[in-house]
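A quick write-up on the structure given underneath.
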Amino acid sequence: MTGVCAQSFIMNKENKENKENKENKEFDITVPGNKIALGHLHPLTQTKKRVEEIFQTMGFSIVEGPDMETEWYNFDALNIPKNHPARDLWDTFYLKNGLLLRTHTSPVQIRYLEKNNLPLRIIVPGNVFRREATNASHEFQLFQIEGLMVDKKISVANLKAIVGEFFRRFFEKDVKFRLKPDYFPFTEPSFDIGISCLVCRERGCPACKGSGWMEVAGAGMVHPNVFKNSGLIPKDWQGWAFGFGLERLTMLKYKINDIRLFRSGDLKFLQQF
Ligand SMILES: [Zn+2]
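Numbering (the working numbering), first residue to last: 122 to 394.
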């Protein structure tokens, strides 16, 4: 190779390298790309799916009912007579079409008992509505999961066993829970199922109103009048029912101290799940 040729070769090579460098600058593989925003399930939906899974493995069917109800299904059939003070327990949204927004998922108990053969075990997930002021532990729209088990010989012991097993699987550890006497017109005896507050570990916080315990469900043995109003002979059947608040369960599981966050639409909150 002559001197001129060698020089020209070197110059060509430099030009080529410059050109390649320039092209490489336009496509720098080390620059992070634009992040693709992926949606995910709302924490309440995640909890709902998990609760359904657990009860399905224990032989429960999932049943749904209408959000708009008649007074008969929401109150009368559930042993809550007209003008009975118990109706004050549920401040109700009445609709112009003569129906109301159901205040609990219990109307589905009647609807299902009317049309299906016994024995049965069902859970009923769904929205319920209460006309009340909101604070850290109260919302006007809630998500409830109703449970109903009916057979020839059912006792409170069955209720405790199922609820205890559910808590163990849902929280993935042994959790303290208690049944306290309570009053509901459609169960006798009635209980309030409380769980030791996992947000504050019984020290007291806004989520448990400082008590260290959180009410997660109302429960009890199905009242004979409920069987009667469903067209069944009360002495032939026994059963228990419960109504869980899905928000409370989610708050306990993820240590959330304000119920209003769920429906706030705050992405900073939602993206943590
Ligand atoms: Zn607490």
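Ideal Cβ placement from N, Cα and C applies to all residues, glycine included.
{"Check": "With distances taken Cα to Cα, identify the nearest neighbour of Phe292 among Gln359, Glu253, Asp357, Arg369.", "Outcome": "Arg369"}
{"Check": "Can you tell me the Cβ-Cβ gap for Glu260 and Ile183, rounded? I've got them flagged as a contact below 8 angstroms.", "Outcome": "With a Cβ gap of about 23 angstroms, Glu260 and Ile183 do not count as contacting."}
{"Check": "Following a CB-centred definition, is Gly339 positioned closer than 7 angstroms to any heavy atom of ligand 1?", "Outcome": "no"}
{"Check": "Let me know if Val152 comes out buried or exposed under the rule of 16 or more other beta-carbons within 10 Å of its beta-carbon.", "Outcome": "exposed"}
{"Check": "Check each candidate in Glu235, Asp313, Ala257 and name the one with the smallest Cα separation from Lys330.", "Outcome": "Ala257"}
{"Check": "Reducing DSSP to helix, strand and coil, say where Gly339 ends up.", "Outcome": "strand"}
{"Check": "Identify the residues that DSSP records as bridge partners of Arg299: which are they?", "Outcome": "Gly315"}
{"Check": "In angstroms with no decimal places, state the Cα-to-Cα distance between Glu174 and Gly219.", "Outcome": "36 angstroms"}
{"Check": "Beta-carbon within less than 6 angstroms of Gly268's beta-carbon, same chain only, minus the 5 sequence neighbours each way: which residues are those?", "Outcome": "Ile244, Phe363"}
{"Check": "Considering only residues of the segment 141-172, which uninterrupted alpha helix (DSSP H) runs meet the minimum length of 4 residues and lie entirely inside it, listed in chain order?", "Outcome": "none"}
{"Check": "Answer yes or no: do Phe365 and Val337 have a C-beta to C-beta separation smaller than 8 angstroms?", "Outcome": "yes"}
{"Check": "Can you check whether the CB of Val347 is closer than 8 angstroms to the CB of Ile231?", "Outcome": "yes"}
{"Check": "Among residues of its own chain, excluding the 5 on either side of His225, which ones have a beta-carbon nearer than 8 angstroms to its beta-carbon?", "Outcome": "Asn195, Trp211, Val249, Gln265, Glu267, Gly364"}
{"Check": "Which residues share a DSSP beta bridge with Asn248?", "Outcome": "Phe264"}
{"Check": "Measure the CB-CB distance between Gly360 and Trp334 and report whether it falls below 8 angstroms.", "Outcome": "no"}
{"Check": "If I follow the unbroken beta strand (DSSP E) through Gln359, where does it start and stop?", "Outcome": "359-366"}
{"Check": "Let me make sure I understand the geometry here. Which of Leu353, Tyr375, Lys349 has the alpha-carbon closest to that of Cys321?", "Outcome": "Tyr375"}
{"Check": "Leaving aside the five residues before and after Leu319 along the sequence, list all residues of the same chain whose C-beta is less than 6 angstroms from its C-beta, in chain order.", "Outcome": "Leu373"}
{"Check": "List the whole-angstrom C-beta distance separating Phe312 from Leu199, where the pair is believed to meet the contact cut-off of C-beta under 8 angstroms.", "Outcome": "So it is not a contact: roughly 17 angstroms between Cβ atoms."}
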